[in-house]
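Below: one structure, written as structure tokens.
There are 2 protein chains.
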Amino acid sequence: MKLYDYLPSGNSYKVRLMLSYLGVNYDHVLLDIHKGETQSADYKSKNPAGQIPLLELSDGRLLAESNAILFFLAEGTPYWPMNSFDQAKVLQWMFFEQYKHEPSIAVARFIRMYAMDDRAGELDILMPKGAAALQVMENHLADHHWFVGSGPTIADIALYAYTHVAGDGGFNLADYPNILAWLDRFSDHPKHMLITDLPA
Amino acid sequence: MKLYDYLPSGNSYKVRLMLSYLGVNYDHVLLDIHKGETQSADYKSKNPAGQIPLLELSDGRLLAESNAILFFLAEGTPYWPMNSFDQAKVLQWMFFEQYKHEPSIAVARFIRMYAMDDRAGELDILMPKGAAALQVMENHLADHHWFVGSGPTIADIALYAYTHVAGDGGFNLADYPNILAWLDRFSDHPKHMLITDLPA
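Those protein sequence lines, which keep their order, are chains P and D. When the letters of the first sequence are read in order and numbered with the working numbering, they come out as residues 1 to 200. When the letters of the second sequence are read in order and numbered with the working numbering, they come out as residues 1001 to 1200.
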């Protein structure tokens, strides 16, 4: 299979992590979102939303949305629970990630990493929203080792991606000790990789 | 089961529609988000995110996030496909709905319905984003009757909820003939209900 990717993207990193943990080999196509490479007519014929990541299967079928790709890769593995209520709880956390967490924490990181002065005003709204999302995670992790069940699932993978680099967005993770402990637990995996690592 | 709900919410309406289509009886608890009823300590002990809808099962287990609730209710029904790639495509559209569609179309509707003059400035950004999301749907529906496969799935339910009231947000659905035809197809169901209908 082939992954269309942009290395600094946490949404893409989720998929790279999952493929690494599963030991799956794949072709890696790097696109530069700042050069408009995800907005070309050719790319938008593959993904009309003009976003990465995008997974292309060997038969040409295409799948977009990082969390939908995680679901597809996780079925039949320990990263997707067996029972339907736990499956729904995994999805609950993944929808929380895309609705409350990524739009504040990832966007704050984007604005600061690229010093986008024209968007700095957005930070007044993004910082309290991101802090609220982190607090929901912090409270949950006070009495849970993992977001759902007794081991890591794709809910943890989805939430790890932008949480572990929340400092880039100006959030102080030292304020969230349960999150810090969970980040350590999660990254203690023989096939872990950094967001800046190219696939092996 | 029990559904914590706010009647004008499209996110809640998704769940009401699903329960109606499946013929499931449930208790209906109406909360007023404008009176802070979803921000009380009691409610936030049930849903730390302080949002509706929330589903409470008869054994007390709680499930939040409208699209995760749809998934839980749809398993084993025709609204959730059998094969894993189609399942992932359903989730792809549902993540699109929560990331690109709802945050523009539902928020524009919210600002206009409640004449929130202090937030009217957001409309300059929300209207082109919402139009772009509608155009992605319009293009897909040019050669598909349903978002995934040969019949309606929870992807259609999720997208129907805020699309059919996009006019409240200032979007002109007459510009999207494929969407209008799909709205007609979707609502032609013996157990269809309006967003303003109380459960039977």
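Cβ coordinates follow ideal geometry from the N, Cα and C atoms, glycine included. Quick caveat, the model's predicted, so the values are computed rather than measured.
C-beta neighbour in chain D for residue i, strict 7 angstroms
i, result
"Y114(P)", "no"
"S84(P)", "yes"
"Q92(P)", "yes"
"Q98(P)", "yes"
"V15(P)", "no"
"P48(P)", "yes"
Inter-residue Cα distance where the pair is residue i and residue j
i, j, result
"V148(P)", "P1199(D)", "31 angstroms"
"V1024(D)", "D1188(D)", "19 angstroms"
"W1146(D)", "H192(P)", "39 angstroms"
"Q39(P)", "A1132(D)", "13 angstroms"
"S1150(D)", "H1034(D)", "40 angstroms"
"L1134(D)", "H1101(D)", "8 angstroms"
"V1029(D)", "M1001(D)", "11 angstroms"
"A68(P)", "Y43(P)", "19 angstroms"
"P190(P)", "L22(P)", "11 angstroms"
"G130(P)", "Q92(P)", "18 angstroms"
"D32(P)", "V1165(D)", "36 angstroms"
"M94(P)", "F71(P)", "10 angstroms"
"N178(P)", "G167(P)", "16 angstroms"
"R1016(D)", "E1138(D)", "25 angstroms"
"G121(P)", "M82(P)", "44 angstroms"
"D1027(D)", "Y114(P)", "50 angstroms"
"S1012(D)", "I1052(D)", "7 angstroms"
"A1158(D)", "M1018(D)", "10 angstroms"
"M127(P)", "S1066(D)", "25 angstroms"
"N14(P)", "P8(P)", "One point to set straight first is that residue 14(P) is Lys, not Asn, in the sequence displayed. Each residue's Cα considered, the two are about 11 angstroms apart."
"S84(P)", "D1118(D)", "43 angstroms"
"G76(P)", "T153(P)", "12 angstroms"
"A106(P)", "L63(P)", "22 angstroms"
"Y4(P)", "L1141(D)", "25 angstroms"
"G1169(D)", "Y1162(D)", "9 angstroms"
"F171(P)", "G10(P)", "16 angstroms"
Which residues DSSP lists as bridging residue i, in chain order
i, result
"K1035(D)", "According to DSSP, K1035(D) bridges with nothing at all."
"E56(P)", "K2(P) and L62(P)"
"V29(P)", "Y4(P)"
Test: residue i CB closer than 7 angstroms to a CB of chain P
i, result
"E1065(D)", "yes"
"V1029(D)", "no"
"E1056(D)", "no"
"F1110(D)", "no"
"F1171(D)", "no"
Contact set between residue i and chain P, taken where Cβ atoms lie within less than 7 angstroms
i, result
"E1075(D)", "S84"
"R1061(D)", "F85"
"F1095(D)", "E65, N67, A68 and Q98"
8 angstroms Cβ cut-off: residues of chain P touching residue i
i, result
"A1200(D)", "Per Cβ cutoff of 8 angstroms: no residues; A1200(D) is ~25 angstroms from chain P at best."
Listed by chain order, chain D residues near residue i by CB distance under 8 angstroms
i, result
"A88(P)", "L1063, A1068, I1069, F1071 and F1072"
TODO: Scan the stretch 1134-1151 of chain D for residues whose Cβ lies nearer than 9 angstroms to a Cβ of chain P and list them as they occur along the chain.
DONE: Residues passing the 9 angstroms Cβ filter: Q1135, V1136, N1139 and H1140.
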